[in-house]
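Peer 1:
Numbering (this note's numbering), first residue to last: 1133 to 1393.
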């Protein structure tokens, strides 16, 4: 249920994510204060600053919100084709987000050794932030076998990170290819059925010498009716898992389904 009452929204936020967000804001201001103090690299204050910066990784917990929003949005889609398209876009978006974190991690590993690292090896320390980020993203996609990258590990920490990402890439590639293939096959099947029916319609109209204006009206009307029929099929389809419901819940479900009638 979508709640639009500001008071209820605020109460729900105060009970769930407010403390987490306040802690992140406090952490950011602490970093600003310590960073502006100009601490030396060998001092305890500098070590504390590095530790607090690493704690900012807890921001990734906010991905839980995105997952819930993803599930809520998917429940709003009643068309099979829309669900498949949404699944395809979600898979590609998941890949982009995951590679973004990997690219950030690859750049962060270079800061663990300030003497010998891949950034200094390629001379990227003097480049712009945008170029550094794009180089890291290129490296992240290269681990999936897409293109190539000139960035290579030059110390043991970077080599260990590369091995970890290589194992992740192996799992991600297999899963992503399987998911995208299944989604594309489902979309192709739906589109092929639609094209077959309307191809027959066009042949029928042509063989019977139906005037062009009337043919367009008939085609547009049937396209609209076809989409409505697909939605009706989704509403009336048999869901095998519903047989596991108790008789009481089945009765409540049917009552909620037909109460408007």
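Idealized CB from N, CA, C, for every residue including glycine.
Assign residue 1342 to one of three DSSP states: helix, strand, or coil.
Peer 2: Translated into the one-based positions of the chain shown, residue 1342 becomes position 210. Reduced to three states, the DSSP call for residue 1342 is coil.
Peer 1: Start and end of the alpha helix (DSSP H) containing residue 1267?
Peer 2: Sequence index remark: in the chain shown, residue 1267 carries index 135 (1-based). Residue 1267 -> alpha helix (DSSP H) spans 1261-1274.
Peer 1: Within its chain, find whatever has a CB closer than 8 Å to the CB of residue 1257; leave out the 5 residues flanking it on each side and keep chain order.
Peer 2: As a first step, residue 1257 is located in the chain shown; it is residue number 125 there, counting from the start. Leaving aside the five residues that flank residue 1257 on each side, the residues in its chain whose CB is nearer than 8 Å to its CB run, in chain order, 1251.
Peer 1: With distances taken between CB atoms, is the gap from residue 1242 to residue 1249 smaller than 8 Å?
Peer 2: Here residue 1242 refers to the residue found at position 110 of the chain shown. Here residue 1249 refers to the residue found at position 117 of the chain shown. Contact: yes.
Peer 1: Does the count of Cβ pairs from the segment 1325-1343 and the segment 1270-1289 closer than 8 Å reach three?
Peer 2: no
Peer 1: With H, G and I counted as helix, E and B as strand and the rest as coil, what does DSSP make of residue 1285?
Peer 2: Locating residue 1285 in the chain shown gives position 153, counting from the first residue. Looking at residue 1285 - three-state DSSP - the assignment turns out to be coil, as it is neither helix nor strand.
Peer 1: What do you get for residue 1135, buried or exposed, if any count of 16 or more other CB atoms within 10 angstroms of its CB means buried?
Peer 2: Translated into the one-based positions of the chain shown, residue 1135 becomes position 3. So residue 1135 counts as exposed.
Peer 1: Beta-carbon of residue 1305 versus every beta-carbon of chain D: anything under 8 Å?
Peer 2: Here chain D cannot be found, since the structure has a single protein chain.
Peer 1: Alpha carbon to alpha carbon, what distance is there between residue 1149 and residue 1383?
Peer 2: Taking the chain shown and counting its residues from 1, the one referred to as residue 1383 is at position 251. Taking the chain shown and counting its residues from 1, the one referred to as residue 1149 is at position 17. Their backbone Cα atoms lie some 37 Å apart in a straight line.
Peer 1: For residue 1225, which three-state DSSP category applies?
Peer 2: In the chain shown, residue 1225 corresponds to position 93, counting from 1. Note: residue 1225 maps to helix in three-state DSSP.
Peer 1: DSSP state of residue 1247, grouped into three classes?
Peer 2: Residue numbering aside, residue 1247 sits at position 115 when the chain shown is read from its first letter. The answer is coil: DSSP assigns residue 1247 none of H, G, I, E or B.
Peer 1: Whole angstroms is fine: what's the gap from residue 1352's alpha carbon to residue 1360's?
Peer 2: Looking up residue 1352 in the chain shown gives position 220. Looking up residue 1360 in the chain shown gives position 228. Each residue's Cα considered, the two are about 13 Å apart.
Peer 1: Measuring only the C-alpha atoms, how far is residue 1350 from residue 1377?
Peer 2: Here residue 1350 refers to the residue found at position 218 when the chain shown is read from its first residue. Here residue 1377 refers to the residue found at position 245 when the chain shown is read from its first residue. Spanning the two alpha carbons is a distance of roughly 43 Å.
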